[in-house]
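This report concerns only the one structure given below.
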Amino acid sequence: MAMLEVKDLEVAYGRVKAVKGISLAVEQGQVVTLLGINGAGKSTTLRCISGLIPPVVGEVWFEGERIDKLPAHKIVRRGIAQSPEGRRLFKNMSVEDNLLLGAFSRQDADGVKRDLDRVYGMFDVLRSRRHEPAGLFSGGEQQMLAIGRAMMSNPKLLMLDEPSMGLSPIMTQLIMRTIGELQSEGVTILLVEQNAQAALSLADRGYVLEVGRIVLCDSAANLLGDDRVRQAYLGAD
Amino acid sequence: MTEKLLARAGAVRVAGVVAAALGLVTVLLPWAYGKTALDNMTYFFGPSFLQLCYAILLLVALVALAAKWFRGRLGRFAKAVAWADTAKAAGLGAAGYALACLVAIAVQNGGLVMIEPGGWAAFGLALVTGGAALVLPGSAKPTLGKLKSPPWVQILAIAAAMAVVLFAAAYELNRADIEDFLVFGCFAVAVVVVGRAAGLFGWLSLAAANNRRVLSLAAFAVAFAFPFTQNGSDANMSVANQVLIFAATAMGLNIVVGLVGLLDMGYIAFLGAGAFTAAVLSKSAFATLSVDLPFPVTVLISGVVASLLGLLIGTPTLRVSGDYLAIVTLAFGEIFRITMNNLDGVDGPNITNGSNGVPAIPNLDFFGFNLGQVHHFLGVDLGRQSNYYWLLLVVIAVVIVVFSNLAHSRIGRGWVAIREDELAAEAMGVNTFALKLLAFAGGAFLAGMAGSVKAYRDTAVSPDQFVFLESAFLLAAVVLGGMGTIGGVLIGATLLKLLPEKLRFFEDYRLLLFGALMVLMMRFRPEGIVADERRQLEFHDADEELAEEVEEDLVSHHSLLNPETDRGAVA
């Protein structure tokens, strides 16, 4: 059974349906990516999985239990963490406070301390400037912090919403390498991206969304070779 | 060319120093005709206290101007002072102060003719000193704040600063004449400005951060000693008690507004709930529920009742946010007052005696120590208000400890996260609804506690004490002082209760003045008098310089506080 399973999910903002019946599955240890242009419904799907907006129809199952009726904080406690779109750091709070907020749902002080060291180990710049407000950091550094903050809940499933958004190519590379490292540590990742090339070269599987529906779903390698994907997202003629 | 400029600068400096020296002589002259002018400035060779204040400012300006000539011989400490800026602030401050004196004399004694030449000379010479400092080149940012010093120096400095504060507060509050009060207030402001310019405050705040416990104890000791400066008079102690009750309530509101960022416009209701609970339970002949309880239990019950009310109002309303919450809480505040009016046995059960309220609440008595009686201690008569002052001091200490522990806890971090970005906080696993509710209940508990003491101090509780205007002033105290800070809210509460009390002649224009003050604050210092580090960035988003400054401060602050851990991290 898959770790995360989404069945016929429909989500609406008022009367506007953003997601019109999506089904997807993430296996333990996999990196799965959701591709698509703006407005395809990728972020909405993530928000719904993490309980920030309720679905209209459909179910979300995590480790064999239904979670689509649970409030967001209980879902975090079950082991799903999200680095939201646009990073949404607490800009006036220090790096360390941001990271500790990522661990808000945890009670094990020792574990939090260990994970704090782990995140600082991954991103050295965060350690050396840990008392500074997050808003003073560069875009790439803020993205590191956003990923680190999501990692602080020690999640079983990490959902990253467009981590490369607004970053320089070099920074994008660095962030993608970090995601690769997390993958090799065995973290299960659901990755939403517009940068299809970068995402597919990391992922095991990929889903392509268009206006709220899944139009393609295959292994990442196959998608990279698929003509339609190449034309629409990879800029090939 | 540059030589010429240098020579001219040298001449200006000499002129400034000479003017300052001459200015110092003017305090030996009379400034006014008529003994009633300020604190009697009519003697030759007998400077009055307010004249000496002028001399202090001018002396600082003189030293600061002359410091350039002794550059090579200055110590480490003196080198870190921003002398040129100090001279500027002190010189202009002295001029402003002298002007305030002249105006006060003219107003008090009926016209400018009442000013002696000495007064005019004092003003003119200070102006020359300040002007000279103004045209001379400014100094670099003071580095005093980054200077390391032995702990005993820091502790001594804190103690000295506290003693100065106690003396100044006692002197200021004991002024009977409004002119004296205002003129000395000008002096206090000038001293603060000069201290900031010199970098002394940066150094003091670092010393305070390093010795937080010493600072709190010293502040508490000063507050404790305050009644002894009153010579048995209860007038100022009564004002001080109002300030303390107001401050404790504002501190509760500070949780809701300052930390969580929820706008509550009906907060006075929680103070009222506490006050009514204590009154109804008291041994007053008019109490409807009179139960013989020890006072600490009454305090707890009052707090609990207030926080239950907080839960009651919070549960439905915390689902709306922003402006809507403000409107709902405003209405709630009014509903509370009207309900208290209606619980009179006619429109409902008789609990509060309606608009009569509960009068004649007897004084508290702790093991035979009756708070209503005058006690003689250390040669000073300590009246009823002094006794309640000490009780309130305990309450405010509890409130501050609770607030600061909450603010720095995991819960406090969650609160601030909700204020900054509620959706992101939710995504991080913060149970936003429960935390907001907790803030409502917790803040209300503090206000309820304050209310129970208020009931006994005022000896009467009635619904008309809890009008909307009071809620507005509470909110103003928090915003004016500095949202989310402890010191700021204490200062804000003091200003808002003390000034109306002292500036009685201004009563008709009180709200006008207050409105103007708020507009000016929002324009020039939206973060409040005491700025929370996080807030300061929030309000000055575009200000790169400030961002850098804060960054620098934070780094130097933390590396000084924990030098070892930081060195380890960099290596």
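Top to bottom, those sequences are chains Z and P.
Sequential numbering of the first sequence, starting at 1, is according to my numbering.
Sequential numbering of the second sequence, starting at 1, is according to my numbering.
Where a beta carbon is used, it is the ideal one built from N, C-alpha and C, also for glycine.
Review point. Among residues of its own chain, excluding the 5 on either side of Z:E162, which ones have a beta-carbon nearer than 7 Å to its beta-carbon?
Key: Translated into positions along the first sequence, residue 162 of chain Z becomes position 162. Closer than 7 Å at Cβ, skipping near neighbours: E85, V192, E193 and Q194.
Once the 5 residues before and after P:L24 are set aside, which same chain residues still bring their CB inside 8 Å of it?
Taking the second sequence and counting its residues from 1, the one referred to as residue 24 of chain P is at position 24. Hits under 8 Å: A55, L58, L59 and L62.
(request) List the residues that DSSP assigns as beta-bridge partners of Z:M159. (result) In the first sequence, the residue the question calls residue 159 of chain Z occupies position 159. Z:M159 is bridged to Z:Q82 and Z:L190.
Residue burial classification, Z:A81 (beta-carbon count within 10 angstroms, cutoff 16) | Reading the first sequence from its first residue, position 81 is the one you call residue 81 of chain Z. Buried, by the Cβ-count rule.
My assumption, with CB atoms under 8 Å, is that P:A197 sits in contact with P:A82. Please give the rounded CB distance. Position 197 of the second sequence, counting from 1, holds the residue named residue 197 of chain P. Position 82 of the second sequence, counting from 1, holds the residue named residue 82 of chain P. That pair is a contact at about 6 Å.
Give the residues of chain P in contact with Z:L238, contact being defined as C-beta atoms less than 8 Å apart. In the structure as shown, chain Z begins at 1 and stops at 237. Residue 238 of chain Z is therefore absent and cannot be evaluated.
### Touch test, the stretch 83-99 of chain P against the stretch 122-132 of chain P, Cβ-Cβ under 8 Å, three pairs minimum
yes
Practice prompt. Below 7 Å between beta carbons is the criterion; list the residues of the stretch 99-124 of chain Z that meet it against any residue of chain P, in chain order.
Written response: L100, L101, G102, F104 and S105
Please return the same chain residues whose Cβ sits closer than 8 Å to the Cβ of P:V164, not counting the five positions on each side in sequence.
As a first step, residue 164 of chain P is located in the second sequence; it is residue number 164 there, counting from the start. So no residue of the chain qualifies.
Subject >> Three or more C-beta pairs below 8 Å linking the stretch 290-302 of chain P and the stretch 494-505 of chain P >> reply: no
> In the stretch 150-162 of chain Z, which residues sit with their C-beta less than 9 Å from some C-beta in chain P, listed in chain order?
Replying inline: A150, M152 and S153
Please tell me whether P:A571 has its Cβ less than 8 Å away from any Cβ of chain Z. The residue you call residue 571 of chain P lines up with position 571 of the second sequence. Confidence is the limiting factor: at P:A571 the pLDDT is only 32, short of 50, which leaves the residue's position unreliable and the question unanswerable from this model.
Worksheet item: Can you list, in chain order, the residues of its chain whose CB lies under 7 Å from that of P:V135, leaving out five sequence neighbours each side?
Response: For the purposes of this step, residue 135 of chain P is taken as residue 135 along the second sequence, with counting starting at 1. Taking P:V135 as the centre and dropping the five residues before and after it, the same chain places the C-beta of V12 closer than 7 Å to its C-beta, in chain order.
- Short check: CB of P:G348 to CB of P:N342, under 8 Å? For the purposes of this step, residue 348 of chain P is taken as residue 348 along the second sequence, with counting starting at 1. For the purposes of this step, residue 342 of chain P is taken as residue 342 along the second sequence, with counting starting at 1. A contact, by the Cβ cut-off of 8 Å.
Exercise for review: Taking P:A439 as the reference, give the member of P:F201, P:T315 and P:G16 with the closest Cα.
Suggested key: By one-based count along the second sequence, residue 439 of chain P stands at place 439. Looking only at P:F201, P:T315 and P:G16, the smallest Cα-Cα distance to P:A439 is reached by P:T315.
Practice problem: Take every Cβ of the stretch 141-153 of chain Z, pair it with every Cβ of the stretch 113-121 of chain Z, and state whether three or more of those distances are shorter than 8 Å. | Solution: yes
For Z:E5, which three-state DSSP category applies?
Reading the first sequence from its first residue, position 5 is the one you call residue 5 of chain Z. Under the three-state reduction of DSSP, Z:E5 is assigned to strand.
Original post:
What are the boundary residues of the beta strand (DSSP E) that P:L572 is part of?
Top reply: For residue 572 of chain P there is no data in the structure shown, the boundaries of chain P being 1 and 571.
Q.
Distance cutoff 8 Å, beta carbons only. Does P:H558 sit that close to anything in chain Z?
A. Walking along the second sequence from the start, residue 558 of chain P turns up at place 558. Its pLDDT being 49, under 50, P:H558 is placed unreliably by the model, and the measurement read from it follows with that caveat. Interface with chain Z (8 Å Cβ-Cβ cutoff): P:H558 is included.
Query - At least three beta-carbon pairs within less than 8 Å, the stretch 482-499 of chain P to the stretch 233-250 of chain P - result: yes
Q. Do three or more CB pairs link the stretch 14-32 of chain P to the stretch 158-172 of chain P at distances below 8 Å?
A. No contact exists between the stretch 14-32 of chain P and the stretch 158-172 of chain P.
Practice prompt. Using a Cβ-Cβ cut-off of 8 Å, state whether Z:R213 counts as contacting chain P.
Written response: As a position in the first sequence, residue 213 of chain Z is number 213, starting the count at 1. So, not an interface residue.
| Is any beta-carbon of chain Z found at less than 8 Å from that of P:E527? | Reading the second sequence from its first residue, position 527 is the one you call residue 527 of chain P. No, no contact with chain Z.
- [ ] Tell me where the alpha helix (DSSP H) around P:K436 begins and ends.
- [x] Numbered from 1 along the second sequence, position 436 holds the residue referred to as residue 436 of chain P. Run containing P:K436: T432 to D458, per the alpha helix (DSSP H) assignment.
Exercise. Between the beta-carbon of Z:A198 and the beta-carbon of Z:T178, is there less than 8 Å?
Worked result: Locating residue 198 of chain Z in the first sequence gives position 198, where the first residue counts as 1. Locating residue 178 of chain Z in the first sequence gives position 178, where the first residue counts as 1. Contact: no.
Confirm, please, whether the CB-CB distance from Z:L157 to Z:L190 is below 8 Å. In the first sequence, residue 190 of chain Z corresponds to position 190, counting from 1. In the first sequence, residue 157 of chain Z corresponds to position 157, counting from 1. Z:L190 places its beta carbon less than 8 Å from that of Z:L157.
Taking beta-carbon pairs under 8 Å, can you tell me which members of the stretch 403-420 of chain P lie near chain Z?
R410, R413, G414, V416, A417 and E420
If you draw a straight line from the alpha carbon of Z:D22 to that of P:G414, how long is it in whole angstroms? Looking up residue 22 of chain Z in the first sequence gives position 22. Looking up residue 414 of chain P in the second sequence gives position 414. Sequence inspection shows Ile at residue 22 of chain Z; the Asp mentioned does not correspond to that position. Distance between the alpha carbons of Z:I22 and P:G414 is about 33 Å.
- Message: Less than 7 Å between C-beta atoms, sequence neighbours within five positions excluded: which residues of the same chain meet that for Z:Q28?
- Response: Here residue 28 of chain Z corresponds to residue number 28 of the first sequence, with the count starting at 1. Here the set comprises M3 and T188.
Which runs of the alpha helix (DSSP H) at least 4 residues long sit entirely within the stretch 203-251 of chain P? Give them in chain order. Positions of the alpha helix (DSSP H) runs, each at least 4 residues long and wholly inside the stretch 203-251 of chain P, are given as 212-225 in order along the chain.
(Q) My output table needs one value for Z:G14: the three-state DSSP class, helix, strand or coil. (A) Taking the first sequence and counting its residues from 1, the one referred to as residue 14 of chain Z is at position 14. Three-state DSSP puts Z:G14 in coil, outside helix and strand.
List the endpoints of the continuous beta strand (DSSP E) containing Z:F62.
Position 62 of the first sequence, counting from 1, holds the residue named residue 62 of chain Z. Element bounds for Z:F62: V57 to F62.
_Against chain P, which members of the stretch 52-83 of chain Z pass a CB distance test of less than 7 Å?_
L52, A72, H73, V76, R77 and Q82
Helix, strand or coil for P:A11, going by three-state DSSP, please let me know. One-based indexing of the second sequence puts residue 11 of chain P at position 11. P:A11: helix per DSSP, three-state reduction.
Quiz item: Nearest to P:T86 by alpha carbon, out of P:W69, P:A140 and P:G124?
Solution: Your numbering for residue 86 of chain P matches position 86 in the second sequence. Out of P:W69, P:A140 and P:G124, P:A140 has the C-alpha closest to the C-alpha of P:T86.
Could you check whether the Cβ of P:P137 sits closer than 7 Å to any heavy atom belonging to the ligand SAM?
Judged by which ligands are present, the structure shown has none, so any question about the ligand SAM falls away.
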